[in-house]
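In UniProt numbering, the protein residues as written are 1 to 310.
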């Protein structure tokens, strides 16, 4: 049976997410390399927090990439089979490209740190906001967003996560106002997300050129494992196309529903989430219940998936 690996983005982080891996040599070595590359003790942030420090996008992006790649490295070291295809949610796309050996781990760490700096420089902390909307028709949400967007205030759907969950982003006041309006229209829940910028919204359009210039100095190779990108739901093997798609991803929606459906159309039967939390596993089941979905987020779950797939 064909298997896909997917990597989570921001929002899946938590204090202590490496606690169960303290005795895993590969995870420890990977995290130490990340700390050395960034000249920052990221393991200390993960273990001790505070949570506001972990949630700061300048820290979250490289930390989530490092943790996801550490878990993937542990999988490979344990004898796990390589997947047929990969993808990642938002930041997780970068992790997938590292796992596919398209970008080196140190280069990717520097790249996502720069990405975070660029995003935060365009939208200062406290100006933007993101919220998950659960239990309301996507088309209704899109229409309400359009009605509430003006030249001075933006609120948009930026993550199409599952049939009953999307994420909106934009100016803080507009997102807060729309959150209350969506509840009145029947949304079961509206959850403010622990991120410090309105990722994937049009407010971040200036990031495109900034990131594209930086990407020109990053060596990108043809992936050894195909990666479905977020912005087009396509597989690009040409490094120039990968660069451009990564830059566009910063200010365009994550089309996760389409990504999982495309995997299913390609004959994928197992979708394995590799990283902290279980967000993508849950989304996968809601998008296509016929797919086997499991998260590798601790040594026990890694062994469970090994037993199932091998």
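Even for Gly, the Cβ is constructed at its ideal location relative to N, Cα and C.
Just so it is clear, the structure is predicted and the values come from calculations on it, not from any experiment.
May I have the straight-line CA-CA distance separating residue i from residue j, to the nearest angstrom?
{"i": "residue 264", "j": "residue 291", "result": "8 Å"}
{"i": "residue 296", "j": "residue 75", "result": "9 Å"}
{"i": "residue 50", "j": "residue 15", "result": "8 Å"}
{"i": "residue 288", "j": "residue 203", "result": "32 Å"}
{"i": "residue 205", "j": "residue 123", "result": "11 Å"}
{"i": "residue 131", "j": "residue 293", "result": "25 Å"}
{"i": "residue 181", "j": "residue 139", "result": "15 Å"}
{"i": "residue 284", "j": "residue 160", "result": "12 Å"}
{"i": "residue 193", "j": "residue 29", "result": "31 Å"}
{"i": "residue 223", "j": "residue 186", "result": "43 Å"}
{"i": "residue 274", "j": "residue 71", "result": "6 Å"}
{"i": "residue 235", "j": "residue 252", "result": "17 Å"}
{"i": "residue 196", "j": "residue 118", "result": "12 Å"}
Output yes or no for whether 8 Å exceeds the beta carbon distance between residue i and residue j.
{"i": "residue 276", "j": "residue 67", "result": "yes"}
{"i": "residue 105", "j": "residue 33", "result": "yes"}
{"i": "residue 258", "j": "residue 278", "result": "no"}
{"i": "residue 208", "j": "residue 250", "result": "yes"}
{"i": "residue 108", "j": "residue 65", "result": "yes"}
{"i": "residue 133", "j": "residue 166", "result": "yes"}
{"i": "residue 80", "j": "residue 306", "result": "yes"}
{"i": "residue 126", "j": "residue 169", "result": "no"}
{"i": "residue 212", "j": "residue 245", "result": "no"}
How is the alpha helix (DSSP H) around residue i delimited, first residue to last?
{"i": "residue 57", "result": "57–77"}
{"i": "residue 108", "result": "105–122"}
{"i": "residue 210", "result": "205–215"}
{"i": "residue 102", "result": "Premise fails: residue 102 is in no alpha helix (DSSP H) and is neither H nor E."}
{"i": "residue 280", "result": "279–287"}
If you compare alpha carbons, which of the options is closest to residue i?
{"i": "residue 155", "options": "41, 185, 143, 307", "result": "143"}
{"i": "residue 319", "options": "95, 41, 115", "result": "In the structure as shown, the chain starts at 1 and stops at 310, and residue 319 therefore has no counterpart that could be examined."}
{"i": "residue 198", "options": "57, 298, 151", "result": "57"}
{"i": "residue 152", "options": "302, 272, 163, 172", "result": "172"}
{"i": "residue 63", "options": "10, 23, 84, 83", "result": "10"}
{"i": "residue 91", "options": "77, 69, 125, 23", "result": "69"}
{"i": "residue 111", "options": "158, 37, 126, 231", "result": "37"}
{"i": "residue 12", "options": "89, 39, 73", "result": "89"}
{"i": "residue 8", "options": "300, 184, 282, 45", "result": "282"}
{"i": "residue 26", "options": "40, 299, 304", "result": "299"}
{"i": "residue 227", "options": "42, 17, 200, 102", "result": "102"}
For residue i, does the count of other Cβ atoms within 10 angstroms reach 16, so buried, or fall short, so exposed?
{"i": "residue 217", "result": "exposed"}
{"i": "residue 60", "result": "buried"}
{"i": "residue 98", "result": "buried"}
{"i": "residue 3", "result": "buried"}
{"i": "residue 255", "result": "buried"}
{"i": "residue 115", "result": "buried"}
{"i": "residue 220", "result": "buried"}
{"i": "residue 237", "result": "exposed"}
{"i": "residue 1", "result": "exposed"}
{"i": "residue 93", "result": "buried"}
What are the boundary residues of the beta strand (DSSP E) that residue i is part of?
{"i": "residue 165", "result": "165–171"}
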